[in-house]
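Inspection log for the structure reproduced underneath, given as structure tokens.
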Amino acid sequence: MSNLHPGLVLIATGIIAAIVPKSLRKYVLAGGPLVALAAMFSLSYGAEWVVPFINGIDLYLIQVDRLNWVFGLIFSIMAAIGGIYSMHNKSWMEALASMCYAGGALGVTLCGDWMTLIFFWELMAASSLFLIWCNNTAKSRKAGFRYLLVHMFGGNMLLAGIFLKVSAGDVMIGNITAVHDVAFWLILIGVAVNAAIPPIHGWLVDAYPEGTITGSVFLSSFTTKVAVYCLIRMFAGTEWLMWVGVVMALYGACFAIIENDMRRLLAYHIVSQVGFMVAGVGIGTDLALNGATAHAFSHILYKSLLFMCAGAVIYATGIRKINQLGGLGKKMPFVFICFVIAAFSISGIPLFNGFISKSITITAAMEAGYAPIELLLQLASVGTFLSITMKMIYFIFIREGKDVEIKNPIPKNMYVAMGIGAALCTIYGIFPDLLYRYLPFAMEYHPFTVDHIVQYIQLLGVAMIPFMMYLSHMEPHEQLTLDTDWLYRKPFAALVVSISSLVCAVRAALGEICRVVYDTFNQLAKNPMVFLSLAPRAMADTDKVPDKYDADSYRALIGEPMIIIMTVFLFAVVFIAFI
Amino acid sequence: MKSLSKKTIYLIIAIVVAASVVAEAMFAHPHGHNWWHTMPGADILMGFIGGWVLILFAKQILAPLLQRDEDYYDGGDGDE
């Protein structure tokens, strides 16, 4: 096997990019991921890299099969596209964080055992946080802290589950659905946090829009799709997950219709599209799991392209709200074309890559006899088409009447990255076998049949009519949409504040009691004789009690004992002398 | 979309969808399990009704219920 771990190559790329001079950083960011991609191609099915760890446990840093190879491939491709997109970036920390994050994703994907998984899992959480913080606004700092708290919760759940697994002697990752024990639920919660399964998806739509322009492109690609990989690997065939997937698909689509922030809208569509994948995991047939894998692959390409285009718009105009944008099609034609390609892809329009992957899951639902799942996923496809292809393209690029100024010219490297993304979305859409040949399970599936194509033409063509009829009400408003993050930003925050106020009050009261006791004791300790009611005789007549202990006040007079001693001595002398 | 071009767009949609129904009736080999897989044009219903349901649900129910002012979260989210 190759000696190069693609994930470690990316981490090394990040470290090198952080320490080299600014002038060289862009070459490292562009070149490092290509080395990782080459390393990925050099890994063959069955490749292993085992490193001994403590207590006789081996760490399987690499254990390749068909499933994780295809995920590794798309993560490597995405790191390369993201690297090119961020070449102009001057921030060393962002370069380090983005490459460590992508490397962590590859580490989780390629590893074979639980211990390695949790290490890279936490590396992803920690490094991705800096892609949010690097935006360096008050909003991003706060969103980053919330992101950190949610991922600490998820990571610790996963860690607890893994402790149970490893301590039971089960060190290798595999399908864990046989027994629904505590470890099963803990690991599921940990993975579900990263997969943004409602109601624990609030972190995604909260944090991703606050990331840096280049950071959000990375963020949109890795965390949720790594979680999808874990779901396929560990939870395939967990039937109720398909209903969870359907809820996600519709939830994201509905919220996206009313959302005003470009990147938050796209974040809702991550929830929606990951819903298709989770549904595939729940259906659990070979075709459905291939559908989930293929859709993750396609999704990374078109979603990153959407984030790149949205980032380019924000970079050029400084505006992130849809209601403030308009008419950019003429001012930014290349971005417009790329955005249209990405929007057609995510909507599942034939000849673009969403069509060749989304339709697999829907067909799998039909063939497995889950008619409601099939219909509801189609409904979610309509929602995706309405909110991205129709709403975003019309309001951002086509409509007239908004005079948006292009303040900053877009760097060439961003154009190149968007061009590569658009080309890949189209190539995979026209030649699906380029992807199908790498899918983990054998399948007989042909996307370009007349009934498939006709179905999407009818479904999406007719869906344009309600949008156009309702166009005057479709423009989003300058408002914020509450989501489940409200639970921990308002009531939970209030609960924390109440509890901490209570604890503070108790602490203050205890402090006051201690202070009074201390003062009293201190006062008395100045002259313990007063406390013991042994005030000096010399002062017995007066009311004045001395503040401080004075030994002289308490000594008996010398005369009386001297007289006694002298008398005894005299008697002794007389007795000895005369008797 | 201007009102004139809107009409043109409706016309294009109508032609494309009608052509698709004809193509479906003549060339498709439906292999579905339910009636909507075999009835030509069934997806038209899904697209139209589904589109309205999603738009109205989002705009008429979700938006009034869940949308707040931008400074809803403590108003201190601006740059410090």
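Residue numbers (the numbering used here), protein chains in the order written: chain H, 1 to 579; chain C, 1 to 80. Backbone N, C-alpha and C define an ideal beta-carbon position, used for all residues, glycine too.
Residue i and residue j closer than 8 angstroms at C-beta
| i | j | result |
| --- | --- | --- |
| residue 81/H | residue 387/H | no |
| residue 384/H | residue 357/H | no |
| residue 244/H | residue 278/H | yes |
| residue 50/H | residue 60/H | yes |
| residue 353/H | residue 456/H | no |
| residue 264/H | residue 209/H | yes |
| residue 225/H | residue 299/H | yes |
| residue 376/H | residue 342/H | no |
| residue 227/H | residue 186/H | no |
| residue 207/H | residue 319/H | no |
| residue 250/H | residue 379/H | yes |
| residue 35/H | residue 16/H | no |
| residue 143/H | residue 14/H | no |
| residue 296/H | residue 272/H | no |
| residue 335/H | residue 468/H | no |
| residue 262/H | residue 322/H | yes |
| residue 54/C | residue 382/H | yes |
Rounded Cβ spacing between residue i and residue j (contact assumed at less than 8 angstroms)
| i | j | result |
| --- | --- | --- |
| residue 67/H | residue 389/H | The Cβ separation is near 31 angstroms, so there is no contact. |
| residue 166/H | residue 114/H | 6 angstroms |
| residue 309/H | residue 339/H | 4 angstroms |
| residue 10/H | residue 32/H | 6 angstroms |
| residue 214/H | residue 89/H | 6 angstroms |
| residue 424/H | residue 301/H | 5 angstroms |
| residue 289/H | residue 282/H | Contact flag wrong, Cβ pair sits at about 10 angstroms. |
| residue 30/H | residue 83/H | 5 angstroms |
| residue 400/H | residue 327/H | 5 angstroms |
Candidates the options: closest to residue i by CA position
| i | options | result |
| --- | --- | --- |
| residue 59/C | 569/H, 514/H, 479/H, 525/H | 479/H |
| residue 150/H | 178/H, 97/H, 199/H, 107/H | 199/H |
| residue 524/H | 501/H, 549/H, 510/H | 549/H |
| residue 483/H | 258/H, 219/H, 575/H | 258/H |
| residue 175/H | 4/H, 458/H, 235/H | 235/H |
| residue 230/H | 84/H, 509/H, 177/H | 177/H |
| residue 462/H | 70/C, 68/C, 51/C | 51/C |
| residue 98/H | 110/H, 111/H, 123/H, 74/H | 123/H |
| residue 68/C | 329/H, 311/H, 476/H, 275/H | 476/H |
| residue 40/H | 5/H, 18/H, 26/H | 5/H |
| residue 52/H | 313/H, 62/H, 371/H | 62/H |
| residue 42/C | 20/C, 12/C, 9/C | 20/C |
| residue 451/H | 9/C, 16/C, 28/C | 28/C |
Boundaries (first-last residue) of the alpha helix (DSSP H) holding residue i
| i | result |
| --- | --- |
| residue 455/H | 450-469 |
| residue 73/C | Where residue 73/C is concerned, there is no enclosing alpha helix (DSSP H), given that its DSSP letter is neither H nor E. |
| residue 394/H | Taken as a continuous stretch (DSSP letters only), residue 394/H belongs to no alpha helix (DSSP H), as it is neither H nor E. |
| residue 5/H | That residue, residue 5/H, is in no alpha helix (DSSP H); it is neither H nor E in DSSP. |
| residue 580/H | With chain H represented from 1 up to 579, any question about residue 580/H goes unanswered, as that position is not in the structure. |
| residue 254/H | 241-258 |
| residue 402/H | Segment: none, residue 402/H is in no alpha helix (DSSP H) and carries neither H nor E. |
| residue 352/H | Where residue 352/H is concerned, there is no enclosing alpha helix (DSSP H), given that its DSSP letter is neither H nor E. |
| residue 60/C | Counting along the chain, residue 60/C falls outside any alpha helix (DSSP H), and DSSP gives it neither H nor E. |
| residue 151/H | 138-167 |
| residue 179/H | Element bounds for residue 179/H: n/a, residue is neither H nor E. |
| residue 378/H | 371-384 |
| residue 290/H | 286-317 |
| residue 264/H | 262-283 |
| residue 201/H | Run containing residue 201/H: none; DSSP gives neither H nor E here. |
Interface residues of chain H facing residue i [CB-CB closer than 9 angstroms]
| i | result |
| --- | --- |
| residue 7/C | Neighbours of residue 7/C on chain H: none; closest Cβ ~10 angstroms, over 9 angstroms. |
| residue 18/C | Within 9 angstroms Cβ-Cβ: nothing; residue 18/C doesn't reach chain H, min ~10 angstroms. |
Partners in chain C for residue i, counting only beta-carbon separations shorter than 9 angstroms
| i | result |
| --- | --- |
| residue 134/H | Residues of chain C passing the Cβ test: none, with the nearest at roughly 15 angstroms. |
| residue 481/H | 62, 63, 66, 67, 68 |
| residue 475/H | Residues of chain C passing the Cβ test: none, with the nearest at roughly 11 angstroms. |
| residue 478/H | 69, 70 |
| residue 246/H | Per Cβ cutoff of 9 angstroms: no residues; residue 246/H is ~14 angstroms from chain C at best. |
| residue 255/H | 58, 62, 66 |
| residue 489/H | 73, 74 |
Continuous beta strand (DSSP E) stretch holding residue i: start and end
| i | result |
| --- | --- |
| residue 52/H | 48-52 |
| residue 60/H | 58-63 |
Where residue i meets chain H, residues with beta-carbon distance less than 7 angstroms
| i | result |
| --- | --- |
| residue 11/C | None at all; the shortest Cβ gap to chain H is about 12 angstroms. |
Per-residue contacts from residue i into chain C (C-beta, under 8 angstroms)
| i | result |
| --- | --- |
| residue 63/H | By Cβ distance, chain C contributes nothing, its closest Cβ being about 38 angstroms from residue 63/H, past 8 angstroms. |
| residue 382/H | 46, 47, 50, 51, 54 |
| residue 468/H | 1, 6, 9, 10 |
| residue 365/H | Near residue 365/H there are no residues of chain C at all, since even the closest Cβ is about 11 angstroms away, more than 8 angstroms. |
| residue 262/H | Those within 8 angstroms of residue 262/H in chain C number zero; the least Cβ separation is about 15 angstroms. |
Neighbour list for residue i in chain C, Cβ cutoff strictly below 7 angstroms
| i | result |
| --- | --- |
| residue 583/H | Only positions 1 to 579 of chain H appear in the structure, and residue 583/H is not among them; the question remains open. |
| residue 458/H | 17, 20, 41, 43, 44, 47 |
| residue 455/H | 43 |
| residue 393/H | Chain C residues near residue 393/H: none, gap ~11 angstroms exceeds 7 angstroms. |
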